[in-house]
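Numbering (the working numbering), first residue to last: -9 to 308.
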Ligand SMILES: [Zn+2]
């Protein structure tokens, strides 16, 4: 089925059936995303990244999938109590959609980058046992940014209000996935990751393509003084942060709210990513719990939505 024939960018090589879905993002003016679905998943891609046919990436909504109850839909995480076998089934549906095996380190709301590059992993594991070994190795590594230059693997995490940042350095053929919650953002995780890629590969931020996925906005995320203080320490971080003050009806003192998504995008720009290379999904997870999971806005427990990025393995490497 020529599923992408009518879409702006033709991407070859994906086996899952896919086609444009009812536009769930059109209410967000200016965003540049392309919506897709498979039998058991619904997801979108960023136009900036989609221009590169060797890149596979997806931001999955919660729609479809197999989970039920408070986790209803395509929940990617068993850490909040969903049935482990059902989550595995959801993740297999994700794997089918991206067409690459998923790998993940252990996110801890820190600022560390783990490089899963040729020097460490060699090539992509070519059998189930090697893949399992790599997964077990990564499970013990605490990091909130993953970067790889190995084709044939998809970096993958599940999110529920923290900003997913997907990136690609075409000059050095490396992809990354960042988990940017308030702690990561307060630690400058986006500029730190780009700087780490600069040291490792010689990455130039002006060449990096980036997509910032759904995350909680100032409309939905009240924070206390400690959060504000954490952003005050570093000039780049402080100037990138988007805090909003609002006074609720019947109250006299304003409350503070943080826009995690825009703060994350601002950090990317401050780190040297060009505006024309940065796509922001423009979606607040708290406002759109019909599409995504929100740790802050939904009653406990809730699920986590899945994000993945990798490079196809059937390409020539230098
Ligand atoms: Zn909101």
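Even for Gly, the Cβ is constructed at its ideal location relative to N, Cα and C.
Just so we're clear, the structure is a prediction, and the values are computed from it rather than from any experiment.
1) When you measure from the CB of residue 276 to every non-hydrogen atom of ligand 1, does any distance come out below 7 Å?
2) Classify residue 139: buried if its beta carbon has 16 or more other beta carbons within 10 angstroms, exposed otherwise.
3) Could you check where the alpha helix (DSSP H) with residue 189 kicks off and where it finishes?
4) Which value, in whole angstroms, describes the spacing of the CA atoms of residue 84 and residue 258?
5) Got a sec: does ligand 1 put a non-hydrogen atom nearer than 7 Å to the Cβ of residue 146?
6) Sorted by chain position, which residues of the same chain lie with C-beta nearer than 6 Å to residue 88's C-beta, five sequence neighbours on each side aside?
7) Where does residue 217 fall in DSSP's three states?
8) I'd like to know if the region 117 to 132 and the region 264 to 284 are in contact, where contact means that at least 3 CB-CB pairs between them fall below 8 Å.
9) What does DSSP give as the partner residue(s) for residue 26 in the beta ladder?
10) Roughly how many angstroms separate the alpha carbons of residue 303 and residue 27, rounded to a whole number?
11) For the region 209 to 253, list the alpha helix (DSSP H) runs that are entirely contained and at least 4 residues long, ordered along the chain.
12) Residue 234 and residue 205: beta carbons closer than 8 Å?
13) Can residue 171 be considered in contact with ligand 1, in the sense that its beta carbon sits closer than 7 Å to one or more heavy atoms?
14) Taking just the CA atoms, how far does residue 256 sit from residue 11?
15) Please confirm whether any heavy atom of ligand 1 lies closer than 7 Å to the CB of residue 209.
16) Check whether the Cβ of residue 167 lies closer than 7 Å to any heavy atom of ligand 3, and answer yes or no.
17) Based on Cα-Cα distance, which residue from 296, 202, 274, 110 lies nearest to residue 263?
18) I need the boundaries of the alpha helix (DSSP H) containing residue 128, first residue and last residue.
19) Report, in whole angstroms, the separation of the C-beta atoms of residue 247 and residue 219, which I expect to be a contact under 8 Å.
20) Do you know how far the Cα of residue 245 is from the Cα of residue 236?
21) Kindly indicate which three-state DSSP category residue -3 falls into: helix, strand or coil?
22) Look at the alpha carbon of residue -1 and the alpha carbon of residue 37, and state the distance between them as a whole number of angstroms.
23) Measuring alpha carbon to alpha carbon, tell me which of 188, 190, 172, 192 ends up nearest residue 221.
24) Specify, as a first and last residue, the run of the beta strand (DSSP E) that residue 135 falls within.
25) Excluding five sequence neighbours on each side, which residues of the same chain lie with their C-beta closer than 7 Å to the C-beta of residue 159?
26) Just to confirm, are residue 31 and residue 291 a CB contact at a threshold of 8 Å?
27) According to DSSP, residue 93 sits in a beta bridge with which residue or residues?
28) Would you say residue 229 and residue 260 are within 8 Å of each other, going by their C-beta atoms?
29) Go ahead and label residue 51 buried or exposed: buried means 16 or more other beta carbons lie within 10 angstroms of its beta carbon, across all protein chains shown.
30) Give me the residue from 96, 92, 99 with the minimum Cα distance to residue 114.
Well, looking at it:
1) To locate residue 276, count along the chain shown from 1; it is residue 286. Yes, the beta carbon of residue 276 sits closer than 7 Å to at least one heavy atom of ligand 1.
2) In the chain shown, residue 139 corresponds to position 149, counting from 1. Counting every other CB atom within 10 Å of its CB across the protein chains shown gives residue 139 a total of 16 or more, marking it as buried.
3) Here residue 189 is taken as the residue at index 199 of the chain shown, counted from 1. Membership of residue 189 in the alpha helix (DSSP H) is indicated by the continuous run 179 to 191.
4) Working through the chain shown from its first residue, we reach residue 84 at position 94. Working through the chain shown from its first residue, we reach residue 258 at position 268. Each residue's alpha carbon lies about 27 Å from the other.
5) Walking along the chain shown from the start, residue 146 turns up at place 156. Because no heavy atom of ligand 1 lies under 7 Å away, the Cβ of residue 146 does not count as near it: no.
6) Indexing the chain shown from 1 puts residue 88 at position 98. Cβ within range, chain order: 46, 48, 144, 298.
7) As a working note, residue 217 is residue 227 in the chain shown. DSSP places residue 217 in helix when its eight states are reduced to three.
8) Segments in contact, no.
9) For the purposes of this step, residue 26 is taken as the residue at position 36 of the chain shown. Looking at the DSSP assignment, residue 26 forms a beta bridge with 33.
10) Taking the first residue of the chain shown as 1, we reach residue 303 at position 313. Taking the first residue of the chain shown as 1, we reach residue 27 at position 37. Approximately 22 Å between the Cα atoms of the pair.
11) Fully enclosed alpha helix (DSSP H) runs of 4 or longer: 215 to 221, 225 to 230.
12) The residue given as residue 234 occupies position 244 in the chain shown. The residue given as residue 205 occupies position 215 in the chain shown. For residue 234 and residue 205, no; Cβs fall outside 8 Å.
13) To locate residue 171, count along the chain shown from 1; it is residue 181. No - ligand 1 has no heavy atom lying nearer than 7 Å to the Cβ of residue 171.
14) Locating residue 11 in the chain shown gives position 21, where the first residue counts as 1. Locating residue 256 in the chain shown gives position 266, where the first residue counts as 1. Because residue 11 sits at a pLDDT of 41, beneath the cut-off of 50, its placement in the model cannot be relied upon, and the point is left open.
15) Reading the chain shown from its first residue, position 219 is the one you call residue 209. Under cutoff, so the answer is yes.
16) In the structure shown, ligand 3 is absent; the only ligands present are ligand 1.
17) Residue numbering aside, residue 263 sits at position 273 when the chain shown is read from its first letter. By alpha-carbon distance to residue 263, the top candidate from 296, 202, 274, 110 is 202.
18) Walking along the chain shown from the start, residue 128 turns up at place 138. 118 to 129 is the span of the alpha helix (DSSP H), which, as asked, contains residue 128.
19) If you number the chain shown from 1, residue 247 lands on position 257. If you number the chain shown from 1, residue 219 lands on position 229. By a beta-carbon distance limit of 8 Å, residue 247 does not contact residue 219. Their separation comes to about 15 Å.
20) Working through the chain shown from its first residue, we reach residue 236 at position 246. Working through the chain shown from its first residue, we reach residue 245 at position 255. Approximately 5 Å, taken between the alpha carbons.
21) Here residue -3 corresponds to residue number 7 of the chain shown, with the count starting at 1. Because residue -3 sits at a pLDDT of 29, beneath the cut-off of 50, its placement in the model cannot be relied upon, and the following sentence gives the value as read from the coordinates. Note: residue -3 maps to coil in three-state DSSP.
22) The count along the chain shown starts at 1 and reaches residue -1 at position 9. The count along the chain shown starts at 1 and reaches residue 37 at position 47. With a pLDDT of only 31 at residue -1, under 50, the local geometry of the prediction cannot be trusted, and the value read off the model is given with reservation. Each residue's Cα considered, the two are about 8 Å apart.
23) For the purposes of this step, residue 221 is identified with residue 231 of the chain shown, where counting begins at 1. For residue 221, the closest C-alpha among the options 188, 190, 172, 192 is that of 172.
24) Numbered from its first residue, the chain shown carries residue 135 at position 145. Counting along the chain, the beta strand (DSSP E) containing residue 135 begins and ends at 135 to 138.
25) Within the chain shown, the letter at position 169 stands for residue 159. For residue 159, where only same-chain residues beyond five positions count, the Cβ hits under 7 Å are 187, 191, 193, 197, 198.
26) Here residue 31 refers to the residue found at position 41 of the chain shown. Here residue 291 refers to the residue found at position 301 of the chain shown. No, Cβ-Cβ distance for residue 31 and residue 291 is not below 8 Å.
27) For the purposes of this step, residue 93 is identified with residue 103 of the chain shown, where counting begins at 1. Note: residue 93 sits in a beta bridge opposite 145.
28) As a first step, residue 229 is located in the chain shown; it is residue number 239 there, counting from the start. As a first step, residue 260 is located in the chain shown; it is residue number 270 there, counting from the start. Closer than 8 Å, so yes.
29) As a first step, residue 51 must be located in the chain shown, where it is residue number 61. Buried, because 16 or more other Cβ atoms sit within 10 Å of the Cβ of residue 51.
30) What you label residue 114 is simply residue 124 of the chain shown in a count that begins at 1. Residue 92 is the option with its Cα nearest to residue 114.
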